Amino acid sequence: MTTLSPRRTGRPGIAWAVPGLLFFVFFAAAPMVIVGYLSFTNWDGLSDPSWSGTDNWTRLWNDDAMRQAIGLSLLLTLLTWLFQTPIALLLGVWAAGRQRNRAVLSAIFFLPLLASSVALALLWKTIFDPNLGLNAQIAEWFNLSSADLLGSPRGAFAAVLFVTAWQFIPLHTLIYQGGARQIPQSLYDAASIDGAGTVRQFFAITVPQLRNTIVTSTVLMVVGALTYFDTILILTRGGPGDATTIVPFLMYRTGFQAFDLGYASAVATALVITATAVSLLLVRLTGFSKMRSTREGI
Amino acid sequence: MRIRTLRALAATAACAVAATALAACGSSGPNRGDGDSLSVWVYQDGSTVIQEEFVEKFNETSDIKLDLVQIPGDNYTDRMRTAMGSPNAPDIFFNWGGGSISDFVAEDMLIDLTPILDEDPEFKDAFIPSILDSGSVDGRYYGIPMRGVQPVILFYNKTAFAEAGVEPPATWDDLLHVIDVFIDRDTVPAVVAGADPWTELMWLEYLLDRRGGAEIFERIRNGDATGWEDPAVQWMAEAVKELVDAGTFGNNFRSVNYTADGASTFFAQGGGVMHLMGSWEYANQLSQQPEFAAEDLGFATFPTVPDGTGDPRAVVGNPTNYWSVSSSVEGERLDAALEFLRMSASDEYAQALIDNGDIPTTSGAESLLDSHANPEFARFQYDMVAEAPSFTLSWDQALPAGDAPALHDNIEKLFGGQISPDAFVAAMRNL
Numbered sequence: 551m552t553t554l555s556p557r558r559t560g561r562p563g564i565a566w567a568v569p570g571l572l573f574f575v576f577f578a579a580a581p582m583v584i585v586g587y588l589s590f591t592n593w594d595g596l597s598d599p600s601w602s603g604t605d606n607w608t609r610l611w612n613d614d615a616m617r618q619a620i621g622l623s624l625l626l627t628l629l630t631w632l633f634q635t636p637i638a639l640l641l642g643v644w645a646a647g648r649q650r651n652r653a654v655l656s657a658i659f660f661l662p663l664l665a666s667s668v669a670l671a672l673l674w675k676t677i678f679d680p681n682l683g684l685n686a687q688i689a690e691w692f693n694l695s696s697a698d699l700l701g702s703p704r705g706a707f708a709a710v711l712f713v714t715a716w717q718f719i720p721l722h723t724l725i726y727q728g729g730a731r732q733i734p735q736s737l738y739d740a741a742s743i744d745g746a747g748t749v750r751q752f753f754a755i756t757v758p759q760l761r762n763t764i765v766t767s768t769v770l771m772v773v774g775a776l777t778y779f780d781t782i783l784i785l786t787r788g789g790p791g792d793a794t795t796i797v798p799f800l801m802y803r804t805g806f807q808a809f810d811l812g813y814a815s816a817v818a819t820a821l822v823i824t825a826t827a828v829s830l831l832l833v834r835l836t837g838f839s840k841m842r843s844t845r846e847g848i
Numbered sequence: 003m004r005i006r007t008l009r010a011l012a013a014t015a016a017c018a019v020a021a022t023a024l025a026a027c028g029s030s031g032p033n034r035g036d037g038d039s040l041s042v043w044v045y046q047d048g049s050t051v052i053q054e055e056f057v058e059k060f061n062e063t064s065d066i067k068l069d070l071v072q073i074p075g076d077n078y079t080d081r082m083r084t085a086m087g088s089p090n091a092p093d094i095f096f097n098w099g100g101g102s103i104s105d106f107v108a109e110d111m112l113i114d115l116t117p118i119l120d121e122d123p124e125f126k127d128a129f130i131p132s133i134l135d136s137g138s139v140d141g142r143y144y145g146i147p148m149r150g151v152q153p154v155i156l157f158y159n160k161t162a163f164a165e166a167g168v169e170p171p172a173t174w175d176d177l178l179h180v181i182d183v184f185i186d187r188d189t190v191p192a193v194v195a196g197a198d199p200w201t202e203l204m205w206l207e208y209l210l211d212r213r214g215g216a217e218i219f220e221r222i223r224n225g226d227a228t229g230w231e232d233p234a235v236q237w238m239a240e241a242v243k244e245l246v247d248a249g250t251f252g253n254n255f256r257s258v259n260y261t262a263d264g265a266s267t268f269f270a271q272g273g274g275v276m277h278l279m280g281s282w283e284y285a286n287q288l289s290q291q292p293e294f295a296a297e298d299l300g301f302a303t304f305p306t307v308p309d310g311t312g313d314p315r316a317v318v319g320n321p322t323n324y325w326s327v328s329s330s331v332e333g334e335r336l337d338a339a340l341e342f343l344r345m346s347a348s349d350e351y352a353q354a355l356i357d358n359g360d361i362p363t364t365s366g367a368e369s370l371l372d373s374h375a376n377p378e379f380a381r382f383q384y385d386m387v388a389e390a391p392s393f394t395l396s397w398d399q400a401l402p403a404g405d406a407p408a409l410h411d412n413i414e415k416l417f418g419g420q421i422s423p424d425a426f427v428a429a430m431r432n433l
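Here the protein sequences line up with chains G and A, keeping their order.
Be aware that the first sequence starts at 551, since it is given in the numbering used here, and climbs by one per residue.
Be aware that the second sequence starts at 3, since it is given in the numbering used here, and climbs by one per residue.
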């Protein structure tokens with residue numbers, strides 16, 4: 551074992567990364583390369599793939615369904631961030647405190663994080679049933695003419711936004727809780743002496759101190775929202791019509807329902823490239839890559 | 003050094019998140035049968051108990067064992083098709099005949115059962131000929147019927163109809179009248195599970211069949227897309243809009259699901275009083291709401307429509323389901339597979355179907371009808387199929403697999419009012 555760990559640096563060597571790297575190569579890199587190759591073929595999943603050159607990519611460029619899916623994906627990503635970040639930030643900061651009942655309430659609140667997406671989507675689908683579900687009851691109380699949330703294009707989109715937020719806000723809350731716990735108490739003490747109130751302290755100390763945490767959480771949210779799939783498959787199946795058919799779902803539909811696997815591979819490759827580019831861009835734009843500490847001078 | 007490592011890590015992590023999310027689509031299929039076993043895939047629903055029973059019976063005496071794999075209904079088509087292109091393909095599998103297997107036939111992936119049936123007239127004659135034919139592709143047999151007949155039936159709530167003083171609709175005008183009566187009574191006239199567009203499809207299938215006859219879809223099925231330009235198709239799309247606008251399906255139907263029993267439960271609770279659905283709805287209600295099935299559940303044929311040239315006795319739905327055998331099965335294993343397929347032709351199997359509430363596809367079924375839990379329903383369904391001049395296979399099963407998603411999308415949009423009847427017809431023309 552000693553040979554694996556170079557004594558000069560005192561840190562584990564590259565050999566320690568081998569199992570992880572192998573896993574990554576077999577289950578992520580290799581499939582991606584194969585999908586990249588398939589995107590230049592015509593393949594129905596039964597016969598052998600036949601080379602079709604850049605046909606799929608030309609089609610992708612001119613495909614209205616793809617354009618709409620990209621628009622919906624971007625909208626979902628943006629709204630996801632706007633919806634989840636403030637809630638997760640506030641909850642995380644609250645959960646980092648020392649109040650009574652905090653531990654119990656946090657524990658209950660984190661429960662959705664433990665359940666599978668499919669189970670949660672099924673649960674919400676039942677809740678959203680317009681005749682038998684909870685929203686039928688709500689529509690009755692408020693005298694609404696329709697409880698058909700998943701049946702209207704906007705309602706279904708909102709439902710996806712809500713269910714994924716309900717599921718993932720706990721994760722981001724956890725991240726913010728960890729970040730908020732790291733902020734030295736002395737900053738708040740000093741601010742109190744200077745007469746800063748709670749709100750002022752939040753905006754002048756907590757938020758700036760959480761800068762790197764916000765970036766981490768944002769990258770996770772953006773890449774996550776760009777690749778949402780299971781919730782949509784169960785909850786709306788991309789519908790009504792194609793109102794919630796975002797890019798990953800379009801990929802599934804093209805590949806595993808229409809069995810146009812070559813074209814689906816082009817969609818998948820485009821998605822991988824976009825998601826990677828967006829997250830790298832975010833890391834760069836926010837200055838996260840410089841890894842400047844928020845504690846300079848403390 | 004440290005910063006660069008972290009940056010690389012961040013980038014790797016971002017890729018990994020994206021990649022695993024995408025790679026997660028693959029699934030580990032059940033192993034195919036090896037030397038002394040055969041894997042049998044079946045669509046899991048209320049009738050699967052029969053396949054369980056007969057696989058068990060088969061395994062008692064055979065050296066080659068069958069391994070029954072039940073696939074939840076929602077994803078059966080996707081799973082089956084994906085598996086067929088992989089080394090995990092099933093040896094014997096459930097399908098709908100026609101378009102659902104035509105791609106496999108084109109790739110020589112299925113055993114041609116025609117010579118086997120020709121050599122064994124007793125086996126062949128055991129089935130109603132039209133039903134055996136419905137599973138064929140280009141005149142060759144690739145499937146053996148293994149479930150009951152599944153015509154689409156207009157189910158209705160007898161009690162609610164009696165209270166409202168109306169009869170099940172025989173004509174289009176009757177239907178509009180019934181709709182008005184129930185809207186006045188604050189009841190949804192017809193339940194439809196809009197979240198599962200294949201249930202909406204049933205309305206289209208009957209409307210087109212009644213208006214223009216079975217030939218129109220027959221043309222489309224044979225690859226003539228101009229069939230969609232027939233005036234009857236336009237009428238059908240406009241009729242749907244008229245029904246939706248009249249409130250036939252209520253305000254909430256678009257997010258009702260069938261597979262999770264949203265529609266059937268609402269129907270049984272009296273929220274809606276008609277339900278156009280496959281004959282399996284009966285078995286479904288019998289197991290979920292036995293009281294409703296026994297006392298209130300009525301059944302009728304689809305009404306005629308104005309200026310309709312189609313035969314009012316024509317039926318749509320699924321003639322039945324079939325077992326097909328993968329062409330990789332050879333020698334002793336093939337003998338065993340055929341032995342298992344022959345069980346579906348036996349009186350014992352037909353009786354098991356009857357006991358489960360299904361109507362068998364075997365020629366001798368008529369004599370068994372009286373032992374059905376509801377002989378009246380059994381007789382109705384048997385006569386409906388036996389007298390039908392045509393039995394049109396569900397469009398989404400008859401058309402090539404690649405067309406189904408777009409077909410479903412457009413149907414959902416038509417019912418949802420997202421596209422006009424004209425736009426629907428144009429979209430179908432370009433399918």
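Glycine is no exception: its CB is placed at the ideal position from the N, C-alpha and C atoms.
The structure displayed is predicted, hence computed values, not measured ones.
The continuous stretches of beta strand (DSSP E) do not include tryptophan 611 of chain G, which lies in the alpha helix (DSSP H) extending over residues 605-612. In this structure, leucine 663 of chain G lies away from phenylalanine 678 of chain G, with their beta-carbon atoms at least 8 Å apart. When the five nearest sequence neighbours on each side are left out, the beta carbons in the same chain lying within less than 8 Å of the beta carbon of leucine 711 of chain G are those of Leu626, Leu629, Thr630 and Phe633, in order along the chain. Three or more beta-carbon pairs separated by less than 8 Å link the segment 36-47 of chain A to the segment 95-111 of chain A, which places the two stretches in contact.
If one requires a minimum length of 4 residues, the alpha helix (DSSP H) runs lying completely within the segment 595-682 of chain G are 605-612, 614-645, 652-659 and 667-677, in chain order. Look at arginine 704 of chain G here: in three-state DSSP terms it is helix. Only Gln807, Ala808, Phe809, Asp810, Ala818, Leu821, Val822, Ala825, Thr826, Ser829, Leu830, Val833 and Phe838 from the segment 807-838 of chain G bring a Cβ to less than 8 Å from some Cβ of chain A. When CB distances to chain G are screened at a threshold of 7 Å, the residues of the segment 72-88 of chain A falling below it are Asp80, Arg83, Thr84, Met86 and Gly87, in chain order. Annotation: the segment 333-366 of chain A contains no complete segment of the beta strand (DSSP E) (minimum length 3 residues). The alpha-carbon of alanine 740 of chain G is positioned some 32 Å away from that of valine 769 of chain G. For proline 680 of chain G, a Cβ of chain A is located within less than 8 Å of the residue's own Cβ.
Contact residues of the segment 569-585 of chain G toward chain A are Phe574, Phe577, Ala578, Pro581 and Met582 (C-beta to C-beta distance below 7 Å).
The DSSP-derived three-state label of methionine 148 of chain A is coil. For aspartate 398 of chain A, there are no C-beta contacts with chain G under 7 Å, since the nearest C-beta of that chain is about 11 Å from it. Chain-ordered, the chain A residues with CB closer than 7 Å to the CB of alanine 697 of chain G read Asn254. Remark: C-beta atoms of valine 387 of chain A and proline 153 of chain A approach each other more closely than 8 Å. In its chain, beyond the 5 residues on either side, no residue has a beta carbon closer than 8 Å to the beta carbon of threonine 826 of chain G.
Residue-level contact check: glutamate 297 of chain A does not touch chain G, since none of the beta carbons of chain G fall below 8 Å from its beta carbon.
Remark: C-beta atoms of valine 183 of chain A and alanine 162 of chain A do not approach each other more closely than 8 Å. Between the segment 650-662 of chain G and the segment 770-788 of chain G there are fewer than three C-beta pairs closer than 8 Å, too few to call the two in contact. In this structure the segment 141-152 of chain A lies against the segment 349-362 of chain A, because at least three pairs of beta carbons, one per stretch, are closer than 8 Å. With a threshold of 16 other beta carbon atoms within 10 Å, threonine 311 of chain A falls short and is exposed. The C-beta distance from alanine 408 of chain A to aspartate 398 of chain A rounds to 10 Å, too long to meet the 8 Å contact threshold. Below the 8 Å Cβ cutoff, chain G contributes Leu596 as neighbours of methionine 111 of chain A, in chain order. Residue pairing of tyrosine 802 of chain G in beta bridges, as defined by DSSP: absent, with no partner found. Residue environment for glycine 788 of chain G: buried (at least 16 other C-beta atoms within 10 angstroms of its C-beta). With respect to asparagine 320 of chain A, serine 266 of chain A sits apart: the two C-beta atoms are not nearer than 8 Å. In this chain, the beta strand (DSSP E) harbouring proline 74 of chain A covers 67-74. Runs of the beta strand (DSSP E) lying entirely within the segment 234-304 of chain A, each at least 3 residues long, are 274-280 and 299-302 in chain order. When 7 Å is used as the limit between beta carbons, aspartate 792 of chain G is near these residues of chain A: Asp411, in chain order.
Contact residues of the segment 605-638 of chain G toward chain A are absent (C-beta to C-beta distance below 8 Å). Of all residues in the segment 369-391 of chain A, none places a beta-carbon less than 9 Å from a beta-carbon of chain G. Counting other Cβ atoms within 10 Å of its Cβ, asparagine 254 of chain A reaches 16 or more and is therefore classed as buried. Cβ neighbours of glutamine 649 of chain G within its own chain (closer than 8 Å, five residues either side excluded): none.
Within the DSSP bridge table, the entry for tyrosine 45 of chain A names A:Ile73 as partners. Taking C-beta atoms as the reference points, isoleucine 146 of chain A and arginine 335 of chain A fail to come closer than 8 Å.
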